[in-house]
Structures are given as C-alpha cells and as structure tokens.
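**Q** Residue numbers (our numbering), protein chains in the order written: chain P, 1 to 227; chain W, 1 to 227. First, the structure itself, so that you have it in front of you.
Protein chains: 2
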Amino acid sequence: MDEFIEVLQKCVLFDGIAPRDLKAMLGCLGGRVATFDRGEAIFSAHSPADDVGIVLSGAVQIVLDDFDGNRTIQDRVEPGGMFGEAFACAGVERLPVTVEGVCPGRALIIRLRRITATCTNACAFHNRMVMNLLRAMAAKNLQLSRKLEITSRRTTREKLMAYLMSQAHEARSSRFTIPFDRQALADYLCVERSALSAEIGRLRREGVLESERSSFTLLGLENGGRI
Amino acid sequence: MDEFIEVLQKCVLFDGIAPRDLKAMLGCLGGRVATFDRGEAIFSAHSPADDVGIVLSGAVQIVLDDFDGNRTIQDRVEPGGMFGEAFACAGVERLPVTVEGVCPGRALIIRLRRITATCTNACAFHNRMVMNLLRAMAAKNLQLSRKLEITSRRTTREKLMAYLMSQAHEARSSRFTIPFDRQALADYLCVERSALSAEIGRLRREGVLESERSSFTLLGLENGGRI
DNA sequence: CCCTCCGTGTTGGATTTCCAACATACATTT
DNA sequence: AAATGTATGTTGGAAATCCAACACGGAGGG
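Below is the structure:
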C-alpha cells in the first residue's frame with residue numbers, strides 16, 4: 001500500500017492530511033485494493049452504492065447504459081481521482097452506472113460509512129475527510145451547473161460564445177487555450193463538429209475572435225485583454 | 001423565530017433533528033432572519049459566499065447575469081428550500097449569481113462556518129447537519145447529471161423520449177404524470193414549445209404513447225405497465 | 001520522398017428546428 | 001352570454017443543423 005501514498009496524497013479526499021497521518025488512517029478506513037483490466041467492471045450497474053473508489057493507477061470510465069440500449073461515457077477518472085462518491089453520499093440503493101477500466105490498473109475501494117463514521121480512537125481526520133467530500137461535491141455541482149448553463153443555449157454560436165467567454169473569464173485574459181480538440185469541444189457543447197468549425201470560421205471573419213488550433217483570442221472586449 | 005420551526009423542520013439541513021433540539025441549536029447557529037420584497041436581493045452577485053439561506057416564507061430565485069447582459073433564472077426555491085450552499089461549500093470567494101425574492105418573504109441566513117464547526121458545548125448535531133448537507137449536495141449532483149444526460153441529446157424527439165422514459169422509470173409505471181406544463185417542459189428540455197407539442201402529437205399518432213395534458217402512458221413496453 | 005493518418009476547414013443537400021401566427025378547448029369573469 | 005385569459009395543438013416559410021463527403025496541411029513512418 002505504501003507505494004500508493006503519493007497518488008493518494010493528490011486525492012481531494014485526503015486534502016490537508018499529512019503523509020504520516022494518511023498512512024495511519026488507511027488501516028482505520030479498511031479499504032481494499034481492486035485490480036482491474038481494460039473493460040473490467042470495478043462497480044457494476046444495479047449493485048449497491050456503498051463504496052467510494054479512488055484510482056491508484058491506470059484509468060476508469062463511468063458508463064451509463066441508456067434505456068434504448070446505447071452506452072454513453074459520462075466521465076473518465078485518472079489516478080488520484082475519485083468515483084462513486086455522489087451515489088454513495090446520496091444514499092441511492094443501486095448504482096445507475098457501471099465503472100470500468102479503460103486500461104489495466106488498480107483502485108482503492110473504501111466503504112463510505114468508514115469515512116463518515118466518527119471513530120472513537122486515534123483518527124481525528126474523519127471530520128477533515130467529510131469536509132473534503134463536501135467541498136468536492138460542491139465543486140462538481142458548480143461545474144455541472146456551468147456546463148448546463150452553456151449547453152442549454154439553443155444555437156451553436158451561442159453555445160460556443162458562452163463557452164469561450166467562460167474560458168476567457170477563467171483565464172482572466174482574452175487570450176487562452178482550451179483543453180479540447182474540435183471533436184471533443186463539439187461533444188462538450190453538444191453540437192456538430194462541422195457546424196462548430198463553420199461557426200468558428202464565421203466568427204473569425206466577423207472579427208469577433210482570432211484562433212489557431214486550441215488557442216483563442218476574443219476581440220472587441222475593448223479592454224486590451226483583461227477581463 | 002418559533003413561528004418558523006415548522007418550516008425549518010422540512011428543510012433537508014435539519015433532517016433527523018427533533019423540533020426541541022432544533023430550537024436549541026438555532027441559537028448556536030447564530031442565524032439572522034432577512035425580510036425581502038419582490039425583486040430585492042438577498043444575496044448579491046460578487047459578494048462573498050459564506051452563507052447558506054433557507055426560505056421561511058415567500059419564494060426566491062437564483063438569477064445568473066450572463067456575459068452578454070441577459071439574465072437567466074437558474075432555479076426557484078420555496079419555503080423549506082435551501083440556497084447558496086453549493087457556493088459556500090465549494091469555497092468560492094464571490095457569488096456568481098444573485099438570489100432575489102419572487103414575492104415578499106423571509107429567509108434564515110446562516111454562516112456555513114457555524115454549521116461545519118464542531119462546537120465544544122451541547123449541540124451534538126453539527127455532525128448530523130454536515131451529513132445532511134453532504135446528502136443534499138450529492139442528490140443535486142445526480143439531478144444535474146440526469147438533466148445533462150437528457151438535454152445533451154440532439155433532437156426534440158430524443159430529449160422528450162429520454163425524459164419520459166426516466167419519468168416512467170421513476171414512477172415504476174408506464175403511466176405517470178409530469179410536474180411541468182408544456183412551456184415549462186420545453187424550457188427544461190431546451191426545445192421549442194411548438195416543436196415539443198408537434199413531437200408529442202407525432203409520437204401519439206405513431207402509437208408510441210398516449211397523453212392527456214400532463215399525464216402520459218408509454219406504449220409498446222410489452223410488460224403491461226411495469227418498468 | 002511517398003504514403004498514411006489525423007485534425008481541421010469547407011460545402012451542399014436533406015432534415016429539423018425555429019418563429020410567428022392562428023385554431024381549439026376549457027375555465028373564469030363580467 | 002359575451003368577453004377574457006390560459007394551455008395546448010397546428011401550420012408554413014425562414015433559418016439552422018445534421019450528415020457525408022471531400023480538400024488541405026502537418027506529423028510521422030516506411
């Protein structure tokens with residue numbers, strides 16, 4: 001387990017907890033290390049949602065099987081990332097999604113109860129972990145709200161501009177780089193890649209922005225780059 | 001304050017806390033009652049996000065002022081409902097939204113710190129409240145994910161069917177009633193009201209469903225109503 | 001160098017949505 | 001009864017999207 005201390009340190013769940021303390025708590029938390037292959041399920045849909053997972057190595061993805069038989073990838077989690085916490089915290093009886101490996105790896109599985117239960121002995125860190133959970137959940141909340149706020153726009157142009165402006169805002173500059181290629185951006189905005197490319201071209205011709213691959217500059221904000 | 005105990009009982013934050021205990025804690029929480037009019041701001045955008053609000057009477061709405069000057073109503077909160085908790089828990093410095101009254105009313109404003117801080121004296125309920133917060137946040141998370149999952153479909157038909165199927169699933173019956181009128185449903189699904197009505201008519205003609213106002217029955221699930 | 005792959009931009013026709021307008025049904029008010 | 005308001009359904013042309021296809025340029029491999 002010691003080999004994973006470094007990864008666990010990066011997990012928001014253990015934020016503010018020193019390595020030596022972390023080591024000590026792991027026993028109290030009673031987690032188990034699951035080894036998974038590409039495509040293998042770590043959590044299966046319809047199984048109880050009592051556990052929180054933390055990716056130690058490799059990567060996993062959250063897969064939702066639709067009513068109509070399609071499967072959509074909701075999210076991808078890398079080492080240090082957490083999964084299943086929302087379902088466990090919400091107290092749903094059964095998982096509506098499957099969590100499976102994208103490549104071989106390991107994950108630490110912890111029963112949520114072990115995190116939230118204030119134990120009588122040494123570990124004074126349960127409180128800290130619960131606060132970390134709270135913060136992580138709230139942050140995800142805001143992230144989802146922002147995405148909803150963008151994708152609820154009706155036209156490709158409106159979605160794109162809302163996204164670019166939020167990115168500029170975040171970067172505190174009218175010049176910024178986005179973490180998506182065209183196809184991924186189109187998926188994020190729920191629009192057609194070709195329509196997206198066309199719209200970017202149109203905005204460029206109209207003098208609204210300059211762009212070069214994933215770098216964008218919003219023009220006409222009449223403030224020289226500061227947002 | 002006693003007059004509001006009944007409303008507060010309904011708030012998820014105080015779930016599992018007896019009325020007499022609740023009364024006792026209110027002092028410890030150090031909340032203040034804010035009175036507001038229609039259109040008056042309870043929390044203003046760009047102000048610090050340290051507080052959680054609970055609607056006691058009347059109603060409030062969460063308003064987002066866009067980059068381009070538009071204002072969109074993100075949510076509406078009725079008595080017993082909570083607001084601002086995600087921003088406070090996420091630890092954002094300044095509120096990105098305004099919370100204002102939809103009609104005259106009152107709200108209990110509590111500093112988040114007072115909820116999360118384990119106090120030395122009597123109130124053993126801080127822990128319970130933090131768990132309630134955690135649960136509420138997780139539930140909202142799932143709710144947002146579900147909405148995103150529905151609205152990210154491309155066509156009116158797909159959005160509508162995804163929504164109806166999730167509703168049928170929730171009701172555990174192919175016959176169910178939705179909590180929206182046509183315009184509200186169109187807003188929720190991010191589609192045109194007229195296109196929505198047209199699509200419902202089409203699905204009805206195709207024998208996929210029967211509907212009467214807000215009551216729907218999905219046909220062809222070849223299981224006699226059970227989902 | 002040639003070739004392939006990949007990301008991006010472009011284009012045109014089929015399809016869908018959008019928008020405004022009107023039709024219908026029902027409830028409430030006067 | 002008449003008038004008014006509200007919710008829903010319908011329709012037709014304008015506008016936007018979707019989809020498939022192809023063009024272009026750079027990266028990397030043989």
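All C-beta atoms, glycine included, are put in the ideal place defined by N, C-alpha and C.
To be precise: take each residue of the region 137 to 153 of chain P, compare its Cβ to all Cβ atoms of chain W, and keep it if any distance is under 7 Å. Which residues remain?
**A** Correct list: Met137, Ala138, Ala139, Lys140, Asn141, Leu142, Leu144, Ser145, Lys147, Leu148, Glu149, Thr151, Ser152.
**Q** How long is the line joining the alpha carbons of W:Gly31 and W:Glu6, rounded to whole angstroms?
**A** Against the second sequence, residue 31 of chain W aligns to sequence position 31. Against the second sequence, residue 6 of chain W aligns to sequence position 6. Whole-angstrom Cα-Cα distance: 16 Å.
**Q** Where P:Ser211 and W:Cys190 are concerned, what is the direct C-alpha to C-alpha distance, given to the nearest angstrom?
**A** To locate residue 211 of chain P, count along the first sequence from 1; it is residue 211. To locate residue 190 of chain W, count along the second sequence from 1; it is residue 190. So the two alpha carbons sit approximately 29 Å from each other.
**Q** Who are the near neighbours of P:Gly16 in its chain, counting only those whose CB is closer than 8 Å to its CB and skipping five residues on each side?
**A** By one-based count along the first sequence, residue 16 of chain P stands at place 16. So the qualifying residues of the chain are Arg128, Asn132.
**Q** How about W:Asp116: is its C-beta nearer than 8 Å to some C-beta of chain P?
**A** Reading the second sequence from its first residue, position 116 is the one you call residue 116 of chain W. As written in the sequence, residue 116 of chain W is Thr, which differs from the Asp given in the question. So, interface residue.
**Q** Taking C-beta pairs closer than 8 Å, name the residues in chain P that W:Ala90 reaches, listed in chain order.
**A** Here residue 90 of chain W refers to the residue found at position 90 when the second sequence is read from its first residue. Here the neighbours are Arg135, Ala138, Ala139, Asn141, Leu142.
**Q** Of all the residues that make up the region 35 to 61 of chain P, which are near chain W by a beta-carbon distance shorter than 8 Å?
**A** Answer set for the region 35 to 61 of chain P: empty.
**Q** Looking at W:Ile115 and W:Val130, is the spacing between their C-beta atoms short of 8 Å?
**A** As a working note, residue 130 of chain W is residue 130 in the second sequence. As a working note, residue 115 of chain W is residue 115 in the second sequence. Contact: yes.
**Q** Taking only beta carbons into account, state which residues of the region 189 to 201 of chain P come closer than 9 Å to chain W, listed in chain order.
**A** Those would be Cys190, Val191, Glu192, in chain order.
**Q** Just the Cα atoms here: how many angstroms apart are P:Arg182 and P:Gln167?
**A** Here residue 182 of chain P is taken as the residue at index 182 of the first sequence, counted from 1. Here residue 167 of chain P is taken as the residue at index 167 of the first sequence, counted from 1. Approximately 15 Å between the Cα atoms of the pair.
**Q** Between W:Val130 and chain P, is any beta-carbon pair separated by less than 8 Å?
**A** By one-based count along the second sequence, residue 130 of chain W stands at place 130. Judged by the 8 Å Cβ criterion, W:Val130 is in contact with chain P.
**Q** Using a 10 Å radius around the Cβ and a threshold of 16 neighbouring Cβ atoms, would you call P:Glu40 buried or exposed?
**A** Sequence index remark: in the first sequence, residue 40 of chain P carries index 40 (1-based). Exposed, because fewer than 16 other Cβ atoms sit within 10 Å of the Cβ of P:Glu40.
**Q** With hydrogens ignored, establish whether the beta-carbon of P:Ile150 is closer than 7 Å to any heavy atom of the ligand GDP.
**A** This structure lacks the ligand GDP, and indeed carries no ligand of any kind.
**Q** Specify whether the region 87 to 104 of chain W and the region 11 to 30 of chain W touch according to this definition: at least 3 beta carbon pairs, one from each stretch, less than 8 Å apart.
**A** In short, these stretches do not touch, since the Cβ pair count stays below three.
**Q** Quick test of your reading: W:Ile62 and W:Met82, contact by CB under 8 Å. State the CB separation rounded to the nearest angstrom.
**A** Position 62 of the second sequence, counting from 1, holds the residue named residue 62 of chain W. Position 82 of the second sequence, counting from 1, holds the residue named residue 82 of chain W. The Cβ separation is near 11 Å, so there is no contact.
**Q** By the DSSP assignment, the beta strand (DSSP E) with P:Cys103 in it spans what residues?
**A** The residue labelled residue 103 of chain P in the question sits at position 103 within the first sequence. Unbroken beta strand (DSSP E) run through P:Cys103: 98 to 111.
**Q** Spatial neighbours of W:Val60 within its chain, please: C-beta separation below 8 Å, excluding the five flanking residues on both sides.
**A** Locating residue 60 of chain W in the second sequence gives position 60, counting from the first residue. Excluding residues within five positions, the ones whose Cβ falls inside 8 Å are Phe36, Ile42, Gly53, Arg76, Val77, Phe83, Val99, Glu100, Gly101, Val102, Gly105, Ala107.
**Q** Examine chain P for any beta-carbon lying closer than 8 Å to the beta-carbon of W:Ala18, and answer yes or no.
**A** For the purposes of this step, residue 18 of chain W is taken as the residue at position 18 of the second sequence. Not closer than 8 Å to any Cβ of chain P, the Cβ of W:Ala18 fails to qualify, so no.
**Q** Are the C-beta atoms of W:Leu203 and some chain P residue less than 8 Å apart?
**A** Working through the second sequence from its first residue, we reach residue 203 of chain W at position 203. So, not an interface residue.
**Q** In this structure, does DSSP put P:Ala59 in helix, strand or coil?
**A** Along the first sequence, read from residue 1 onward, the residue named residue 59 of chain P stands at position 59. Here P:Ala59 sits in strand by DSSP.
**Q** For P:Gly207, would you say it is in contact with chain W, using Cβ-to-Cβ distances shorter than 8 Å as the test?
**A** On the first sequence, residue 207 of chain P is found 207 positions in, with the first residue counted as 1. It does not; no Cβ of chain W falls within 8 Å.
**Q** Going along chain P in order, which residues have a C-beta closer than 7 Å to the C-beta of W:Leu64?
**A** Taking the second sequence and counting its residues from 1, the one referred to as residue 64 of chain W is at position 64. Ordered by position in chain P, the residues that pass the 7 Å Cβ test against W:Leu64 are Glu149.
**Q** Using a Cβ-Cβ cutoff of less than 7 Å, which residues in the same chain neighbour P:Pro179 once the five nearest sequence positions on both sides are dropped?
**A** Taking the first sequence and counting its residues from 1, the one referred to as residue 179 of chain P is at position 179. No residues qualify anywhere along the chain.
**Q** Leaving out the 5 sequence neighbours to the left and right, which residues in its chain are closer than 6 Å to P:Ala122 when beta-carbon positions are compared?
**A** The count along the first sequence starts at 1 and reaches residue 122 of chain P at position 122. A caution first: P:Ala122 carries a pLDDT of 46, below 50, which makes its placement in the model unreliable, though a value can still be read off. If we look at P:Ala122 and ignore the five residues flanking it on each side, it has no Cβ neighbours.
**Q** Relative to the alpha-carbon of W:Leu148, which residue among P:Tyr188, P:Ala195, P:Ser173, P:Leu209 has its alpha-carbon at the smallest distance?
**A** Locating residue 148 of chain W in the second sequence gives position 148, where the first residue counts as 1. That would be P:Tyr188, whose Cα lies nearest to the Cα of W:Leu148.
**Q** Could you please give me the residues that DSSP links to W:Thr156 through a beta bridge?
**A** Within the second sequence, residue 156 of chain W is the residue found at index 156, counting from 1. Paired residue(s): none; W:Thr156 is not in a bridge.
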